[in-house]
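What follows is a set of notes on a single structure, which appears directly below.
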Amino acid sequence: MTELLQYLVSGTTVGAAYALVALGFTIIYNASDVVNFAQGEFVMLGGMVTFFAWQAGVPLPLAALLAIVAAAVIGVLLNKLAIERAGAAPVVSLIIITIGASIFLRGGAQLVFDKQLHRFPGFSGDEPMNVGGVTILPQGLWVVAVAVMVFVLLYVFFTRTLTGKAILATANNRVAAKLVGINTDYMMSLSFALSAAIGALAGILMTPISLTSYDLGVPFALKGFAAAMLGGMGVPVGALVGGLLLGLIEALTAGLVSSTYKDAVAFIVILVVLFWMPQGLFGRKSMERV
Amino acid sequence: DIKIGSTVSETGPASSLGDPEAKTLRMLVDEINAAGGVLGEKIELVSYDDAGDPNKARTFATRLIEDDEVVAIVGGSTTATTMSIMQVVADAEIPFISLAGALEIVDPVQPWTFKTPHTDRMACGKIFENMKAGGLTKIGLISGSDGFGASMRKHCVDIAGDYGIEILADEIYGPTDADMTPQLTNLRSKEGVQAILNAGFGQGPAIVTRNYGQLGIKTPLYQSHGVASKAFIELAGPASNGVKIPGTAILIADQLSQDDPQYAVVTAYRKIYEEKAGSPASTFGGYAHDALRLLVDAINRAGAAEPQAIRDAIEQTKGFVGVTGAFNMSATDHLGLDLSAFRMLEIKDGNWVLLQ
Amino acid sequence: MLSVENLRSRYGRIEVLHGVDLQVRSGEIVTVVGANGAGKTTLLRCISGVQPISGGNLVFKGEPLQGMPAHRRVALGLAQSPEGRQIFTSLSVEENLRLGAYLFADARVDTDMAEAFAMFPILREKRNLAAGGLSGGQQQMLAISRALMARPACLLLDEPSMGLAPILVAQIMDVIRNLKTLGVTVLLVEQNAYAALRIADRGYVMETGRVTMQGTAEELIADERIRAAYLGV
Amino acid sequence: MPLLSVEGLGIDFGGLRAVNDVGFGVEPGEIVSVIGPNGAGKTTLFNMISGAYRPARGKVSLDGEAVTGMAPNQLAERGLSRTFQNLQIFQKMSVLENVMTGRHLKARGSLVADLFSTPASRRRTAEARTVASGLLARVGLDRAADQQASSLSYGALKRLEIARALALEPRILLLDEPAAGCNAVETEEIDHLIADVAKSGVAILLVEHDMKMVMRISSHIVVLDRGEKIAEGKPEKVSRDPKVIEAYLGVQEGSGHALG
Amino acid sequence: MRLSSKHLTLLILLAIVALAPLAFPSNFYYRIGALAFVNGLAVTGLVILIGFAGQVSLGHAGFAGIGAYTCALAPIYLGLHPALAMLLGTVISAGIAWLIGGPILRLKGYYLGVATLGFGILVSMVLANEVPITGGADGREVPELGLRAALKFIGIDLSNAQFWYAFTALFLLGGAWVASNLHDSAAGRALRALHDSEIAAGTVGVDVARYKLSAFVLSAVYASLSGSLLALMNKFITPDVAGFLHSVELVTMTVLGGAGSVPGAIAGATLLTLLPQALTALQAYEHMILGLIMMLVMIFMRDGLVPTLSRALRGRG
Ligand SMILES: Nc1ncnc2c1ncn2[C@@H]1O[C@H](COP(=O)(O)OP(=O)(O)OP(=O)(O)O)[C@@H](O)[C@H]1O
Ligand SMILES: Nc1ncnc2c1ncn2[C@@H]1O[C@H](COP(=O)(O)OP(=O)(O)OP(=O)(O)O)[C@@H](O)[C@H]1O
Ligand SMILES: CC(C)C[C@H](N)C(=O)O
Ligand SMILES: [Mg+2]
Ligand SMILES: [Mg+2]
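Residue numbers (our numbering), protein chains in the order written: chain L, 11 to 300; chain G, 1070 to 1425; chain U, 240 to 472; chain B, -16 to 243; chain R, 932 to 1248.
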């Protein structure tokens, strides 16, 4: 019983991290239909910038803030200097740009920082709490809380605010968005800034648990992407549920079935879900009439 | 000039190995050249980053041989890249000293391939010896699913019986997994487990160690030589206290007695590495150090920078003391190390200490 | 109000507008007719700023439009109901309308939306439905209403009658005439040239990227060539 | 027995009965028009007949064979072809290729033959090209044959869709607002084209809001309102039906458009 | 009479392949050439799948893995000659593609992407984890094809590198020929049609599901052959061949070159094979510059190298 609970705790923590990465994907996708393959690098930047600032003597909260701002700035630059210049390029071409950006950022990080693994202390210390035989890390609670909070904010943003709608409109029909007066370039920059900031936040929160290094982005991006697809791309609730579910499946498989094939089980579950729900658990069906 | 080639994993999943290796090679070549070079000639190091990709490693090995026309190659940070390079050097007949762990690299012996790290099988043996001595015979195994972890796991399972060790539980984690709590929970709750052995390198073992501490597991934890660096202690935090590994002298350089045969070479390497790289020296850089020194030594003895002559000279290496240990190569032993240079270390208060 | 001088535009290497001149005075309804491919849609896209121009001048309310991004032109009072509707298919009808007034204060949105609903009651019925689920004609109504939500000083309409039932075509023409009384300037591209000319003050005829004829609506309706080529009578 | 016959057809979207209990038949050579206010269910009816939607109720038969809910390509094999109200163009192909693709059923052969470009495969492609060129000339797009389809204007694309649908050599053709975006003169050309096609024995089902055209060429008219059939008959009869005038045509004060 | 652009393209390709060695400073370049061809072959398959049919796969390296490991394992476990193993690999890949294609090709866009991604990951996990059979993550050796020796016997004496350069070039040219044939055939038009509008394609009689499946199977065969050739050429193979990064690399090559273009496939593969070699001189900046070049190509050549360049050339001519 405690074992099962322990798996659930582990799955929830890791799943919340996946959810944060998936939530990061959501925004850029909602503005442009582009899945940003550099999303993992924002996660990495969050961890790395925080670590190096912290090591240079900046207090941890300030270092984290710095990292979030830095990631957001890089996100905006990526949009301004690359995505925006590519203009009306096909979505696949934009995706390749983000792949290029991910290689570029990784290369830059190993140059500016280093190739070592790093870690900084958890926000509320690293002393685990023992609740009825189940070990819970305070940092794990942070991850879950922030994931839920980001989810709520994004949910409100996309359903209640005009700017959120304008972002959706930008992806749905760029020309029409311009014709109603939406500054689509600004919407894109905004979405890159938000995505990057959320990505960085995920990286900052996870570093005390899973460490960080210049090339840590890819695995996070991969899992975050899978989580987003499981829940339904573009829908905040899908990202949250998809992330948590993926984390739980992995932890339960590793704990109860086989640790060798835990990733395999996760993907099989995704395949099965997509078989019945081709848009993921919460995905919108596209509305195109002929 | 004498051209020596290298292809290591400066980036990619094995960069925690390849990075110190590449740095070591560069600084040593500079040092050797500053001291007058070899056979009156300067060494030119041509080095490539294969990012841990075996296909790239093969391409770079080909490039080193065909295009750069090097006389010998040092490199192959992982077993998989090493295996790729071995094919090429065998065809081209160029001596190659690998920095990777697996036994398969030197068993069966390939005429042109040598290696400097202790094999994963030796690591298992060293650890099991220590366990047995401590009366720990029932263990739980946890390993990374990468090449190093999988290969060491295989060998440990293979020879456990020889030491009277019984593996009660066998868990796997992915090299980039964020949390190993479920696997460790299983080891914790497995009835009768007296010790836990983790085979892996990179961030995995650090997270395993942290999770081990968080779960309050009390059974002794053994790690492999894949974590033999100061960085591991830092990353794993207080939970690393008491972790035991089979390591090399470099980790306890400051504890070596002056009359230890490795004292001079270890201190010298450590000094230059820490000066130039600005970070603590690790065993991995040590593998590269030994490989290059072995090579230079062989060229000196061969008296000519000719592949065949170099190869023969490497094979005749006797009593060569390196950072990893004393090498005695032969036609049937292209590693030349025995278990004696492998020292059981334990982490105490954030430092490696020698276990007696 | 709106003046187009020697306007040139191209898709890639192919020029499709070869120097178009056209004036719309404040409060006028001006219609442009022309065969398929004449360049009418391209002209409107250039004016709205979603199609790059390669030469000529565009002036609106005394301000040159060259280099001004599309969204600022909307702020200046130019709104367009584009060809092929171009509604936001995944957003609801109401959200589409709300975005029509994206740049403008919330205060007037409710009254304007009520007006749109009064004009096209079906939109009220379907206000919470994803706009992509509307029928073709309903989407056309939405596109027109969305443009009106911006309370434009100058409204650009690209074939507003397309796909509308006859009863609604008549209604749309009435609406346009009504806009004129409210002081809105209208530039109307219509294939239903007869209906358009009947409510227009002046008209232009475009052929292969050029203006080939212009005059008051009466003149054009009376012109034999136009009757033969565009009115089919 | 009519070539196409529809009985009691219906479908719902959420709570909305988009089409309910609609039935009629189309004979070879006949032009049957479906008219009705926006949102009456005309396009939805087309979508059900052509296999894009699966009807919730009712039955579609072709030549006596029940084809309800069949996939579009199976219907195509049975000679049914259509155009779309919301253009469905193969944007990245040339104009000519669009029409050649319309001839898929005649041009297709073994995949292996196509992979190795056997003479048979080349012959099929050549035949498709000849037919397609002819059709492009017929809709007045021959000069644009090699342009990428996305570069055509709206009206031109409408005609391209007609050519593509004809390439199938259909026995029954469904046209959804073929004249939308065309001026009066262009509409008349399409008129003639449709009449010609019908004359060759093709059954035509037409949705169009251009009443001039509808009245001119229809043999028979079906009127839908809110998903239900409210009237049916010869053009003269339908156009005088008060229900139709109220729901759809409006009181015409001599407008140039609706009734001319 | 116009020499069809298909034949012209193939002739130019042939000329490049035949003449390039004249400019090779060393034997090493034969290997680079061969690698570019091997990648080009897989990418040509992706041109059919992504470029023609518009179905994105993020797991095609899985098929390369199947091709590669069949060449490694079938000679040992079944006693097959490596050449036959290659054939068996394509049959297995085609069979698996056919089996999984049915359900997953109903998915669209990114959903198809993640499903294929899952497939690729499953394959590479099996290859990495079933150590007793596959050798695990450290890889395993692959038997010699033996064709070079046979050629030597009949008097054609090629160095190993030269042989593989020529041998892989044959496959690439054959693959490019087949793909170009497909492009201009009824089946090719059907694929390109369903790319733009599935509903319209169905309406003209295209059996959408079947054609998607054909493209998927066909591209799997290309990937499988590419994997087999890589394994035989390297005589050693690791699960990386089936990995996610390899899949993404293949898609990147496809799009960089120009997703719908067969010569684009080869250009993209060559570019991404050559670049890392060319950039070694820049040492630590290598990755940044590689990423930068990828971005610049896509910013300034939105439709990929070959389509953009050929449009520019035609414009001038
Ligand atoms: N995206 C495009 N790419 C290339 N050429 C285009 C594009 N769009 C339009 N054209 C060409 O530009 C010319 C003008 O087209 P435009 O759409 O402006 O005509 P139009 O007068 O609106 O026609 P219609 O009455 O059919 O809507 C035509 O020759 C058309 O083929
Ligand atoms: N997928 C769908 N989801 C929700 N509602 C739908 C859907 N498809 C059609 N409808 C509704 O069904 C009704 C009939 O639509 P349909 O497109 O058939 O009308 P129509 O007669 O073709 O109109 P028009 O003349 O405007 O083209 C409309 O009210 C429309 O909103
Ligand atoms: C820790 C090291 C001995 C690992 C080794 N280089 C390998 O990956 O094979
Ligand atoms: Mg137009
Ligand atoms: Mg309709």
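All C-beta atoms, glycine included, are put in the ideal place defined by N, C-alpha and C. Quantities reported herein were computed from a predicted structural model and do not represent experimental measurements.
Any heavy atom of ligand 5 inside 7 angstroms of the beta-carbon of residue i?
i, result
"U/SER248", "no"
"B/LYS141", "no"
"B/GLN68", "yes"
I need the DSSP call for residue i, collapsed to helix, strand or coil.
i, result
"L/LEU55", "helix"
"L/PHE202", "helix"
"U/CYS285", "helix"
"L/PHE285", "helix"
"U/GLN379", "helix"
"B/GLY239", "Note that B/GLY239 scores 40 on pLDDT, short of 50, meaning its location in the model is unreliable and no value can be drawn from it."
"U/ILE361", "helix"
With distance defined between alpha-carbon atoms, name the residue in the options nearest to residue i.
i, options, result
"G/ASP1070", "G/ASP1328, G/THR1254, G/LEU1172, G/ASP1137", "G/ASP1137"
"R/PRO1250", "R/ALA1162, R/ILE1031, R/TRP1029", "Given a span of 932 to 1248 for chain R in the structure shown, any question on residue 1250 of chain R remains unanswerable."
"R/ILE1052", "R/GLY1106, R/SER1024, R/GLY1033, R/ALA992", "R/ALA992"
"G/ARG1127", "G/GLU1110, G/THR1151, G/ALA1141, G/SER1116", "G/THR1151"
"L/GLN4", "L/MET139, L/PHE35, L/ALA41", "For residue 4 of chain L there is no data in the structure shown, the boundaries of chain L being 11 and 300."
"B/GLY22", "U/ARG366, U/LEU403, U/ILE438, U/SER265", "U/LEU403"
"B/LEU188", "B/THR101, B/MET194, B/LEU176, B/SER201", "B/SER201"
"G/GLU1135", "G/LYS1125, G/VAL1157, G/ALA1149", "G/VAL1157"
"R/LEU1203", "L/ILE106, L/GLN49, L/ASP136, L/ASP195", "L/ILE106"
Quick check on residue i - is its C-beta less than 8 angstroms from some C-beta in chain R?
i, result
"L/LEU121", "yes"
"G/GLN1156", "yes"
"B/ILE72", "yes"
Would you say the beta carbon of residue i is closer than 7 angstroms to some non-hydrogen atom of ligand 2?
i, result
"B/ALA23", "yes"
"L/ARG299", "yes"
Taking only heavy atoms of ligand 4 into account, decide whether any of them is closer than 7 angstroms to the Cβ of residue i.
i, result
"B/TYR137", "yes"
"U/ASP397", "yes"
When you compare the CB of residue i with every CB in chain G, is at least one pair closer than 8 angstroms?
i, result
"L/GLU51", "no"
"R/ASP1251", "Past the edges of chain R, shown from 932 to 1248, lies residue 1251 of chain R, and the structure says nothing about it."
"L/THR145", "yes"
Less than 8 angstroms between CB atoms is the rule here; does residue i satisfy it with respect to chain L?
i, result
"G/PRO1180", "no"
"B/PHE(-4)", "no"
"G/ASP1231", "no"
Let me see if you follow: with CB-CB separation under 8 angstroms, is residue i close to chain B or not?
i, result
"R/SER1145", "yes"
At a cut-off of 7 angstroms, is residue i close to ligand 6 when judged by its beta-carbon and the heavy atoms of the ligand?
i, result
"U/GLY258", "As for ligand 6, it is missing from this structure, which binds only ligand 1, ligand 2, ligand 3, ligand 4 and ligand 5."
Exercise. Give the residues from the segment 19 to 45 of chain B that approach chain U closer than 7 angstroms (Cβ to any Cβ), ordered along the chain.
Key: The residues in question are PRO20, ASN21, GLY22, THR26.
Quiz item: Listed in chain order, which residues of the segment 970 to 1000 of chain R have Cβ atoms closer than 7 angstroms to some Cβ of chain G?
Solution: none
Quiz item: Which of the residues in the segment 1109 to 1124 of chain R, read from start to end, lie with their CB under 8 angstroms from any CB of chain B?
Solution: From the segment 1109 to 1124 of chain R, only VAL1109, ASN1112, LEU1113, ASP1115, SER1116, ALA1117, ALA1118, GLY1119, ARG1120, ALA1121, ARG1123, ALA1124 have a Cβ closer than 8 angstroms to chain B.
Quiz item: Which residues, in chain order, does the segment 306 to 327 of chain U contribute to contact with chain B at a C-beta distance below 9 angstroms?
Solution: GLU322, GLY323, ARG324
Exercise. Can you give me, in chain order, the residues of the segment 245 to 268 of chain U that have a beta carbon less than 9 angstroms from any beta carbon in chain L?
Key: none
Self-check item: chain L contacts from the segment 52 to 68 of chain B (Cβ-Cβ distance under 8 angstroms)
Solution: Of all residues in the segment 52 to 68 of chain B, the ones placed with a Cβ closer than 8 angstroms to any Cβ belonging to chain L are PHE67, GLN68, in chain order.
Practice problem: Residues of the segment 1252 to 1271 of chain G with a CB closer than 7 angstroms to any CB of chain L: list them in chain order, please. | Solution: GLN1252, THR1254, ASN1255, SER1258
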